[in-house]
Ligand code: MOS
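What follows is the structure, given as structure tokens:
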């Protein structure tokens, strides 16, 4: 039997780790008790660019409980001097106290270690630092003038991609829409901030780290410190949300190891909430110029999507916002481009649906503007330009049920009752608007390994060095294993988050289920075959193949889709926007667990409400500091901000993509929804807001 015939996969099984989490028994990285532990705090720069002239550490060294003050004067010299020793996602340019340079405001420039967290925090605040300040680039508007082409856009995409003749086709278009859309700098704020415990035993290092990638941490730390990989073990049984910021190994991880080595004791270094704004990435701001040319009947003749996003002075990160435009609609002529503008800030990074979330805001807002210009229903316009094959190559999709998504979500939402005229619906002083947009995210997978072993007590222990970000990895792997073994889920224990386990990729790009899942399936099938054959050797091994990595080598387009419909209410006098109702249907292959799966999609939609209406990191262009770097002023939706969300998936089985028939679901939920909200706001008020977030000041401005 394989997993496809049986009952556990797909069921709405409650998380296998639910009881442990509720009881407080699930230990997150910063919660491990380690003998002799002391506490480290990162001190950060207060200027955006320049040199450290003097750090007065003597007074601080004598403060109560202080064990160590680490600065560029006494930090160990590293072979790579803090330069990226490993490629992203795992490896990044770090700040490891190798010189006196300050590259952004809030950069780690010293580490203070003390007996207690309070003593370390107090001591770090007393460090007196003199700087020689230099002029800094902090204005995106100005930096844009020197925008340049990055080597790549996203993990594998080229910065520029074009086909046909967009210029020529735009000249012949009967209707054209031509606008600039912007999205602000944003920062991930998982409930669990980053945190690391480092412990040395001789030359061997153990790290408990809040991460999306235990093997990435191991490789990066080994190369950065110049030590053998086999001397490092990384543990992370639970991750309290990641969303991309924990996909890379940032400075604090290596600093914890350096500080522990220097003081000869285990060290815990956790980031304070304000430290989440700068040294651990975030979504870069984007400026996106979209031009659509169409015939009167709605046929798209040309799409242009040019993106500029910011990066740091010392590392390129590109928000690949034009990626969805390359694959969403059938169009014979396209011209897409990514450029970078350098600022003196920390390097941005992958943030939930990098490129696809910011990019669908621009593209799907523009499609709505085109529908209005044509006097055509927005759903009809999208169906008219539905991409039956991959637009640039003509290759078939592994599986795609987007048409069914539009139909299902429209029916459940009641879209046919919509009056297209703006300001045509109201309830008292609330203007009511209905909008929709397409959601999309690529399907990724990478090589992964797993093992399965029957224990004397009858339990099968299945292992893979993957991560559970709160998404349900423990649960779905247990379900996959149970079906493959022909056993109940209660007889399976899945273990993860340990580099002594079989190797697994980063839990990013929505690829854990489809990378690790097939490896678990094979390991359990292998174990079952061995047991059936009566073999004493009872450990099963499974490996999932990578599949072709390069776009040119792929035989199929691999991508998920969805349709999101939104109702908004806008206070006519005050400009307050509420989102009482969202209905969305997704084409994401087979859902491996109905409960955790729908919950993840719903979580993505909730974040989309935040991205649309509240989230924005405000950079002070004088000092390069994030003005609202805390959760009191960086607003994310709370329960009271969220109304009814009805999520569904269409019946689908994508065995072309992998034997489980699933595609990833971690990121698609946040795509499309921001545009659906902007489109609904325009329907409610007649005002088109092209700059996120849609705050009341923008709506009240005439
Ligand atoms: Mo996701 S932004 O690749 O963790």
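Numbering (our numbering), first residue to last: 2 to 703.
Note that beta-carbon positions come from the ideal geometry of N, C-alpha and C, so glycine has one too.
Where DSSP assigns a beta bridge to residue i, which residues make up the other side?
i	result
residue 69	114
residue 52	102, 133
residue 330	387
residue 509	For residue 509, which the question treats as bridged, DSSP gives no partner whatsoever.
residue 39	268
residue 594	11
residue 288	183, 309
residue 452	464, 542
residue 301	295
residue 413	Answer is none; residue 413 lacks a bridge partner.
residue 189	The partner list for residue 189 (beta bridge, DSSP) is empty, contrary to what the question assumes.
residue 588	562
residue 196	271
residue 627	620
Please return the same chain residues whose Cβ sits closer than 6 Å to the Cβ of residue i, not counting the five positions on each side in sequence.
i	result
residue 358	671, 672
residue 615	636, 694
residue 683	689
residue 55	131
residue 303	167, 170, 171, 294, 334
residue 558	391, 396, 398
residue 659	515, 519
residue 5	Its pLDDT being 49, under 50, residue 5 is placed unreliably in this model, and the value from its coordinates should be taken loosely. Once the five neighbours on either side are set aside, residue 5 has no close Cβ partner at all.
Between the C-alpha atoms of residue i and residue j, what's the straight-line distance to the nearest angstrom?
i	j	result
residue 560	residue 688	33 Å
residue 471	residue 596	13 Å
residue 313	residue 346	5 Å
residue 369	residue 643	24 Å
residue 249	residue 224	14 Å
residue 27	residue 15	16 Å
residue 41	residue 699	43 Å
residue 419	residue 305	30 Å
residue 101	residue 255	18 Å
residue 364	residue 355	15 Å
residue 498	residue 344	35 Å
residue 280	residue 13	38 Å
residue 422	residue 378	11 Å
residue 278	residue 124	22 Å
residue 487	residue 530	11 Å
residue 400	residue 387	14 Å
residue 32	residue 97	25 Å
residue 728	residue 199	Residue numbering for the chain in the displayed model covers 2 to 703; residue 728 lies beyond these limits and cannot be assessed.
residue 630	residue 554	43 Å
residue 331	residue 179	19 Å
residue 37	residue 608	40 Å
residue 44	residue 137	21 Å
residue 245	residue 227	26 Å
residue 504	residue 575	54 Å
Out of the options, which one is the CA nearest neighbour of residue i?
i	options	result
residue 680	261, 67, 434	434
residue 240	29, 614, 637	29
residue 696	578, 321, 647	578
residue 545	536, 557, 526	526
residue 159	493, 320, 379	320
residue 1	334, 668, 373, 251	This structure cannot speak to residue 1, because the chain is shown only from 2 to 703.
residue 106	666, 631, 625	625
residue 63	47, 96, 114	114
residue 464	323, 668, 479	479
residue 300	375, 661, 663, 338	375
residue 294	260, 259, 336, 316	336
residue 532	610, 455, 192, 59	455
residue 661	603, 593, 606, 678	593
Leaving out five residues before and five after residue i in sequence, what residues of the same chain have Cβ atoms less than 7 Å from its Cβ?
i	result
residue 489	483
Can you list, in chain order, the residues of its chain with a C-beta nearer than 8 Å to that of residue i? Leave out the 5 residues immediately preceding and following it.
i	result
residue 409	564, 586, 649, 651
residue 75	263
residue 411	380, 417, 437, 564, 566
residue 155	319, 321, 324, 355, 356
residue 120	40, 64, 65, 66, 67
residue 103	46, 48, 49, 50, 51, 52, 53, 110, 132
Inter-stretch contact at 8 Å, needing at least 3 Cβ pairs: the region 505-513 / the region 446-465: yes
Check whether the region 450-458 and the region 517-527 touch, using three or more Cβ-Cβ pairs below 8 Å as the test. yes
Using 8 Å as the Cβ pair cut-off and three pairs as the minimum, do the region 455-472 and the region 416-435 touch? no
Can we say the region 142-149 touches the region 52-68, given the rule of at least three CB pairs closer than 8 Å? no
If contact is defined by three or more beta carbon pairs under 8 Å, each pair taking one atom from either stretch, is the region 165-183 in contact with the region 266-274? no
Looking at C-beta atoms only, is the number of pairs between the region 204-220 and the region 228-236 that lie closer than 8 Å three or more? yes
Given 8 Å as the limit, is there contact between the region 174-190 and the region 280-292, that is, 3 or more CB pairs closer than that? Using a C-beta cut-off of 8 Å, the region 174-190 makes contact with the region 280-292, since at least three inter-stretch Cβ pairs fall below that distance.
Given 8 Å, three or more beta-carbon pairs between the region 195-210 and the region 48-64: No, the region 195-210 does not touch the region 48-64.
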